[in-house]
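The numbering used here puts the first residue of the sequence shown at 9, with every later residue one more than the last.
Okay, structure first, notes after.
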Amino acid sequence: MVNEKVDKMGPAPPVNVSVIMPLFNAGRTLAASVASVRAQSHPGWELLLIDDASQDDSLALAQRLAAQDPRIRLLQMPGRSGAAAARNLGLQTARGRFIGFLDADDLWHPAKLERQLDFHLHSGAALSFTGYARVSDPEGALITRMPGLDRVGYRRLLCNNPIGCLTVLYDTAICGKMPMPLFKRQHDYALWLQIVRTFGPARGLNQDLAIYRVGRGSLSANKAAAALDIWRILRGQEGLSLPQAARYFSHYAWHGLRHRLIQRPKAGAPVLLSAGSQPFEANLHRK
């Protein structure tokens, strides 16, 4: 167990990464997601679990996981508030210089933090991200790989969002603690736009260091509601003129359509993350 390892090492290392994990009815996948954080080769992290009024066994499971490792802290929302508000509660108590995000059904490569921190510090950027794999859930078949583009500036980001929330680190020494805007579906994209517009381009590490699980419901989710959030971000948050917003929205819609056309599992494709010379096969069914 990780807490035993920490005890043998003496005092826990200083926290320089705060990982924020909101959870709602995530009892089936939570343990595996937490295990992927506990397996990190970089030891200086804390994990903030924020229960958003789950109705299954998520809260009880989160309590057990927090009791197993002093680096895990559990917070509770007073009522169902949504992922953005839950993440913001975690942010309020975060102690790390770097802020990262992982949902309670996604997974990290064991060297994710170590490799990304080294890359991030050398890049000098406020925000960094990595590549990741999208896999079907519960089958675990590879759908597609999302690359970590080298450099994503503001105009590029207005066209579409190539930055996976589960791969991001941002540096509070540069931009402070920046809460998620309270959009229901696109709050992460809204935050990336704020950071990139204010502090310069995001930098991408082109290694697949995370797994994003795509459930069956995700394939037929309410795309119209998500599109409405995009429009509100472009017009309201970013203050674009009507012609500008329409132009960037059309780019976003095209990228979204193209993305959905390829969002089908590849038969027989293994879920193997090629992180440099150390690939690993994800265990999606770990309890």
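Positions of the beta carbon are idealized from the N, C-alpha and C atoms, including for glycine.
Strand pairing of Ile107, partner residues [DSSP]: Counting from 1 along the sequence shown, the entry for residue 107 is found at position 99. For Ile107, the beta-bridge partners assigned by DSSP are Ser26 and Tyr178.
Closest residue to Asp179 among Leu129, Ile80 and Leu115 (Cα-Cα distance): In the sequence shown, residue 179 corresponds to position 171, counting from 1. Ranking Leu129, Ile80 and Leu115 by CA distance to the CA of Asp179 puts Leu129 first.
Rounded Cβ spacing between Ala119 and Gly208 (contact assumed at less than 8 Å): Within the sequence shown, residue 119 is the residue found at index 111, counting from 1. Within the sequence shown, residue 208 is the residue found at index 200, counting from 1. So it is not a contact: roughly 26 Å between Cβ atoms.
Sequence-distant residues of the same chain with beta carbon closer than 6 Å to Gln252, five excluded per side: Mapped onto the sequence shown, residue 252 falls at position 244. If we look at Gln252 and ignore the five residues flanking it on each side, it has no Cβ neighbours.
Selection from Ile182, Leu213, Gln76 and Ala43 that minimises the alpha carbon distance to Met154: Walking along the sequence shown from the start, residue 154 turns up at place 146. Of the candidates Ile182, Leu213, Gln76 and Ala43, the one whose C-alpha sits nearest the C-alpha of Met154 is Leu213.
Burial state of His195 (16 or more Cβ within 10 Å): If you number the sequence shown from 1, residue 195 lands on position 187. Around the beta-carbon of His195, 16 or more other beta-carbon atoms lie within 10 Å, marking it buried.
Between the CA atoms of Gly52 and Thr296 - distance to the nearest angstrom: What is shown of the chain runs 9 to 295, which leaves residue 296 out entirely.
Cβ separation of Leu110 and Leu174, assumed to be a contact under 8 Å, to the nearest whole Å: The residue given as residue 110 occupies position 102 in the sequence shown. The residue given as residue 174 occupies position 166 in the sequence shown. Rounded, the Cβ-Cβ distance is 5 Å, consistent with contact.
Residue range of the beta strand (DSSP E) that includes Arg81: As a first step, residue 81 is located in the sequence shown; it is residue number 73 there, counting from the start. Ile80 to Gln84 is the extent of the beta strand (DSSP E) around Arg81.
Own chain, CB closer than 8 Å to Gln202, minus 5 neighbours either side, in chain order: Locating residue 202 in the sequence shown gives position 194, where the first residue counts as 1. Once the five neighbours on either side are set aside, the close Cβ partners of Gln202 are Met186, Pro189 and Gln245.
Contact check, Ala74 vs Met85, beta carbons under 8 Å: Working through the sequence shown from its first residue, we reach residue 74 at position 66. Working through the sequence shown from its first residue, we reach residue 85 at position 77. Going by beta carbons, Ala74 and Met85 fall outside the 8 Å limit.
Close beta carbons around Met29, own chain, < 6 Å, minus the five adjacent residues each side: By one-based count along the sequence shown, residue 29 stands at place 21. Within the same chain, Met29 has close Cβ partners Leu57, Leu110 and Ala112.
Of the residues His50, Val23, Arg105 and His259, the one placed nearest Arg81, counting alpha carbons only: Sequence index remark: in the sequence shown, residue 81 carries index 73 (1-based). Residue nearest to Arg81 within the set His50, Val23, Arg105 and His259 is Val23 (criterion: CA-CA distance).
Span separating the alpha-carbon of Ser226 from that of Cys183: Start at 1 with the first residue of the sequence shown, and residue 226 comes out as number 218. Start at 1 with the first residue of the sequence shown, and residue 183 comes out as number 175. The predicted position of Ser226 is uncertain, since its pLDDT is 49 and thus under 50; no value can be drawn from it.
Where Ile238 sits in the DSSP three-state scheme: Within the sequence shown, numbered from 1, the residue matching residue 238 stands at position 230. Ile238: helix per DSSP, three-state reduction.
Buried versus exposed call for Arg72 [16 or more other C-beta atoms within 10 Å across all chains shown]: One-based indexing of the sequence shown puts residue 72 at position 64. It counts as exposed.
Contact the stretch 155-171 vs the stretch 62-69: 3+ CB pairs below 8 Å: Pairwise C-beta distances place the stretch 155-171 out of contact with the stretch 62-69, as fewer than three of them are shorter than 8 Å.
Proximity to Gly98 [Cα-Cα], best of Leu55, Trp116, Gln124 and Leu115: As a first step, residue 98 is located in the sequence shown; it is residue number 90 there, counting from the start. From the listed residues Leu55, Trp116, Gln124 and Leu115, the smallest Cα separation to Gly98 is found for Leu55.
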